[in-house]
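Q: Sharing a structure below in structure tokens format, with a few things to ask.
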Amino acid sequence: MNIAEKFINTHELTKEEYVELIRLAESDVQVREQLKEEAVRLQKKYYGTDVYTRGLIEFTNYCRNNCYYCGIRNGNRNAQRYRLTKEEILDCCANGYELGFRTFVLQGGEDPYYTDEKLAEIVREIRVLYPECAITLSVGEHSKETYRLWKEAGADRYLLRHETASDELYQKLHPAEMKLSERKQCLYDLKELGYQVGAGFMVGAPGQQISDLAEDLVFLKELEPHMVGIGPFIPHHDTRYAEEKAGSVERTLLLLSIIRILLPGVLLPATTALGTMDPLGREKGLQAGANVVMPNLSPVKNRKQYELYDNKICTGEEAAECRGCLSRRVASVGYQLVSDRGDSRM
Ligand code: SAM
Ligand code: FES
């Protein structure tokens, strides 16, 4: 039995074995195919050919943090900053609801302008207007009390990528005041409060080794999040990593398959970053085991300003109606977008 077969049977390996698995898969196309087939089998067992959608509302690109890879980090003086008003956010939801979205994701930098109470008020309004919709927040690291306030206001889910489970790499990618232990604590707090939680990382982040990815897999198995967001790292011209190579599409697809096998019922998005690196990246993501897409619902006038990395897709006028475009793309590979909250089946 090779390491891939062992993984398929047990859904869990040691850190050293994950390294072996990734190395073997990257050198042997048959092993890659075997993992992909198993990932798709599990995806279909849990979710059939349904693909869930989340309407992404990027409501602020102000951020107090300085993650070195991120285009909207605080230190980037060239970023054109914007904030959406509560009314604009509610308009995005209304538009999204009309289009069939039943999950709204409010994402932004860590922007102190939206105080805990201000954001709670926005969540309460969305909860009252759309009782059957899921509300997801993705606004970074906060205290357990703040997460509790937002949960009580009606938030159901929270996305907070751990970014990397390796302490050393985490410290290289972030300023000293950011700590991996604190980020992990946030994820455990969120789980304890009853949120459906999404963790995740970038593939091909500057300096990332296969052993770092193995550590990510060990951490994901331990955390058991409901969702895992992974996408290739893509350089942004106003960061210290402007000249770095982007993460590989092939490696991202392999990791999507591995994560589907690791956590069979997990929600796994085919991300915009994957679609940015390859025009058919999101379709390939679904065919590797992903089952979620996150089209942009932000006002078209602001989309280019939420520039985490260069050449981000779906930011032009033509992208105003992402859902129609994605619906055709998803159908082209034998899946269908569904109008559903899309809860995890773990
Ligand atoms: N502030 C929130 C947080 O920290 O979770 C949410 C916004 S943050 C911009 C969302 C995600 O974008 C990050 O978790 C990171 O993985 C991803 N990201 C940032 N810069 C990126 C880059 N250059 N390439 C690919 N993904 C990037
Ligand atoms: Fe946005 Fe196609 S997915 S324009």
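Counting in the UniProt record's numbering, the sequence shown runs from 1 upward without gaps. Each residue gets a CB set at the ideal place from its N, CA and C atoms; glycine is no exception. All values reported here derive from a predicted model rather than from experimental measurement.
My guess is that residue 204 and residue 251 are in contact by the Cβ rule of under 8 Å, so how many angstroms apart are they, rounded?
A: 7 Å
Q: Given this structure, state the Cα-to-Cα distance separating residue 100 from residue 133, to the nearest angstrom.
A: Cα-Cα distance, rounded: 10 Å.
Q: Taking 7 Å as the CB-CB limit, is residue 236 close to chain C?
A: Absent from the structure is chain C; it holds one protein chain and no more.
Q: Any heavy atom of the ligand NAP within a distance shorter than 6 Å of the CB on residue 138?
A: Ligands in the displayed structure: the ligand SAM and the ligand FES; the ligand NAP is not one of them.
Q: Round the Cβ separation of residue 3 and residue 20 to the nearest angstrom and send it over; I've been treating them as touching at under 8 Å.
A: 5 Å
Q: How about residue 25: is its Cβ closer than 6 Å to a heavy atom in the ligand SAM?
A: False, no ligand heavy atom lies under 6 Å from that Cβ.
Q: How would you label residue 188, buried or exposed, when you count the other beta carbons within 10 angstroms and need 16 or more for buried?
A: exposed
Q: Exposed or buried, what is residue 118 when buried is set at 16 or more other beta-carbons lying within 10 Å of its beta-carbon?
A: exposed
Q: Pick from 260, 45 and 172: whose alpha carbon is nearest that of residue 209?
A: Minimum Cα distance to residue 209 is reached at 172.
Q: Which runs of the alpha helix (DSSP H), 4 residues or longer, sit entirely within the region 69-133?
A: 86-99 and 116-129, all fully within the region 69-133.
Q: Could you check if residue 291 is buried or exposed, using at least 16 other CB atoms within 10 Å of its CB as the buried criterion?
A: buried
Q: At what residues does the alpha helix (DSSP H) containing residue 353 begin and finish?
A: Since the first and last residues shown for the chain are 1 and 346, residue 353 lies out of range.
Q: When you compare the region 21-29 with the region 67-83, are there three or more beta-carbon pairs, one atom per stretch, that lie closer than 8 Å?
A: As far as the Cβ criterion goes, the region 21-29 does not touch the region 67-83, which means the pair count is below three.
Q: Enumerate in chain order the residues of its own chain whose CB-to-CB distance from residue 317 is below 8 Å, with the five nearest sequence positions on each side excluded.
A: 300
Q: Excluding five sequence neighbours on each side, which residues of the same chain lie with their C-beta closer than 7 Å to the C-beta of residue 46?
A: 264, 265 and 345
Q: Does the region 329-338 touch the region 212-219, meaning 3 or more C-beta pairs lie closer than 8 Å?
A: no
Q: Following the continuous alpha helix (DSSP H) through residue 21, name the residue where it begins and the one where it ends.
A: 15-27
Q: What number of angstroms, rounded off, separates the C-alpha of residue 268 from the C-alpha of residue 191?
A: 18 Å
Q: Per the DSSP calculation, residue 158 is bridged to which residue(s)?
A: 137 and 197
Q: Quick check: what's the CA-CA separation for residue 79 versus residue 51?
A: About 34 Å.
Q: Please list the segments of the beta strand (DSSP E) lying wholly inside the region 251-303, counting only runs of 3 or more residues, in order along the chain.
A: none
Q: Nearer than 6 Å: is that true of the beta carbon of residue 285 relative to any heavy atom of the ligand SAM?
A: Residue 285: no, Cβ never under 6 Å from the ligand SAM.
Q: What residue does the beta strand (DSSP E) around residue 348 start on, and which one ends it?
A: No information on residue 348 is available, as it lies outside the stretch 1 to 346 that the chain covers here.
Q: CA-CA distance, residue 285 and residue 253?
A: 6 Å
Q: Measuring CA to CA, which of 108, 32 and 98 is closest to residue 308?
A: The shortest C-alpha separation from residue 308 is found at 108.
Q: Between the C-alpha atoms of residue 178 and residue 76, what's the straight-line distance to the nearest angstrom?
A: 18 Å
Q: Indicate whether the contact test is met: 3 or more Cβ pairs, each with one atom in the region 127-147 and one in the region 79-89, closer than 8 Å.
A: no
Q: Who are the near neighbours of residue 182 in its chain, counting only those whose CB is closer than 7 Å to its CB and skipping five residues on each side?
A: These residues qualify, in order along the chain: 141.
Q: Can you find the residues in the same chain that come closer than 8 Å, C-beta to C-beta, to residue 278, ignoring five residues on each side of it along the sequence?
A: 249 and 284
Q: Are residue 201 and residue 234 close, meaning C-beta to C-beta below 7 Å?
A: no
Q: Quick check: residue 257 and residue 35, are their CB atoms within less than 7 Å of each other?
A: yes
Q: In chain order, what residues of the same chain have a beta carbon less than 6 Å from the beta carbon of residue 66, not counting five sequence neighbours either side?
A: 73, 74, 75 and 175
Q: Just to confirm the assignment, what range does the alpha helix (DSSP H) spanning residue 347 have?
A: Residue 347 lies beyond the range of the chain shown here (1 to 346); nothing can be said about it.
Q: Got a sec: does the ligand SAM put a non-hydrogen atom nearer than 6 Å to the Cβ of residue 308?
A: Yes, the Cβ of residue 308 comes within 6 Å of a heavy atom of the ligand SAM.
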